[in-house]
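All letters in the sequence shown, in the order written, are residues -17 to 165 by this note's numbering.
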Amino acid sequence: MSFGMQEKSWSYHRECNGWISGSWKLRPNNGSIVQQRPCILVLDDFKCHKAEGFMAALKRDANTMVIFIPGGLTPLVQPLDRMLNKQMKRLLWGKYTAYSASAVIDARSGKLKPPERGVVSTWCKEAWESINPETVKTCFKICGLTLALDGGEDHAWCQHNFGEDHRDLLEERHAVWLAEHPT
């Protein structure tokens, strides 16, 4: 597990580019650091993800092709947004609540001392490990990312998740997003 941070808690190009060498290229079963296996990375439409330098570095340094989730559809087709983030936040909130009950108050500020980064890292690791791997597989299936490659399951998946008028719903959500995010 690796963590990166930016002083103002916002991700910029430097952090995105650092993620390539610090995490993405080091993932398991990806070949050597020098010779990366070809792969596909699915990202949301965050502006940092679309930066030319980031995209070029992924292609050049990590042999990665990027596919973007259309605007407004991330909550529907991104497994973490769809199902896992709430569970992770609930687990982490429980750990923070337990920490707060016994935390030391800073004498000067009168506020609770924040937990050390290592402690928070341990909480994240423990929370992730407590999630059943079958739950993760189910998330990917529900989001349509592990359907049959021949397209044979697509229609049933869309009907199950969005109803008979699934095409209209997806087009409507995308249109709303486009209206809210003019280029």
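Beta carbons are placed, not taken as given, at the ideal position from N, Cα and C, and that holds for glycine. None of the values given here were measured: they were computed from a predicted structure.
To the nearest whole angstrom, what separates the beta carbons of residue i and residue j, a pair I think is in contact under 8 angstroms?
i, j, result
"Gln125", "Leu74", "It is worth fixing the name first, because residue 125 is Cys in this sequence and not Gln. Wrong, their Cβ atoms sit about 22 angstroms apart, outside the cutoff."
"Val48", "Met65", "The Cβ separation is near 23 angstroms, so there is no contact."
Applying the 10 Å Cβ sphere with the 16-neighbour rule, what's the burial state of residue i?
i, result
"Ala80", "exposed"
"Leu127", "exposed"
"Ala130", "exposed"
Cβ-heavy atom distance between residue i and the ligand NAD below 7 angstroms?
i, result
"Glu135", "Questions concerning the ligand NAD fall outside what the structure shown contains, since it holds no ligand whatsoever."
CA-CA distance, residue i and residue j?
i, j, result
"Phe239", "Pro52", "Residue numbering for the chain in the displayed model covers -17 to 165; residue 239 lies beyond these limits and cannot be assessed."
"Ala89", "Pro96", "13 angstroms"
"Ser91", "Glu34", "44 angstroms"
"Asn45", "Lys7", "9 angstroms"
"Val158", "His31", "21 angstroms"
"Phe50", "Glu135", "22 angstroms"
"Arg42", "Ser3", "12 angstroms"
"Ser166", "Lys93", "Here the chain covers residues -17 to 165 and nothing more, so residue 166 does not appear."
"Pro20", "Ile113", "29 angstroms"
"Asp63", "Ser5", "20 angstroms"
"Leu152", "Glu116", "27 angstroms"
"Asp147", "Lys71", "32 angstroms"
"Glu154", "Glu(-3)", "33 angstroms"
"Lys77", "Val118", "21 angstroms"
"Leu23", "Trp1", "13 angstroms"
"Ala109", "Asp132", "35 angstroms"
"Arg9", "Arg99", "22 angstroms"
"Glu162", "His137", "29 angstroms"
"Ala87", "Asp150", "In the sequence as displayed, the identity of residue 87 is Ile instead of Ala. Looking at the two C-alpha atoms, the distance is approximately 54 angstroms."
"Leu160", "Glu111", "37 angstroms"
"Ser84", "Pro164", "48 angstroms"
Compute the distance between the beta-carbons of residue i and residue j, then report whether it is under 8 angstroms.
i, j, result
"Gln60", "Asp26", "yes"
"Gln18", "Asn12", "yes"
"His156", "Leu58", "no"
"Asn67", "Ala39", "no"
I'd like to know if residue i contacts chain D, where contact means its C-beta is closer than 8 angstroms to some C-beta of that chain.
i, result
"Leu74", "This model lacks chain D altogether; it includes just one protein chain."
Sufficient close CB pairs (3 or more, under 8 angstroms) joining the segment 88 to 106 to the segment 119 to 133: no
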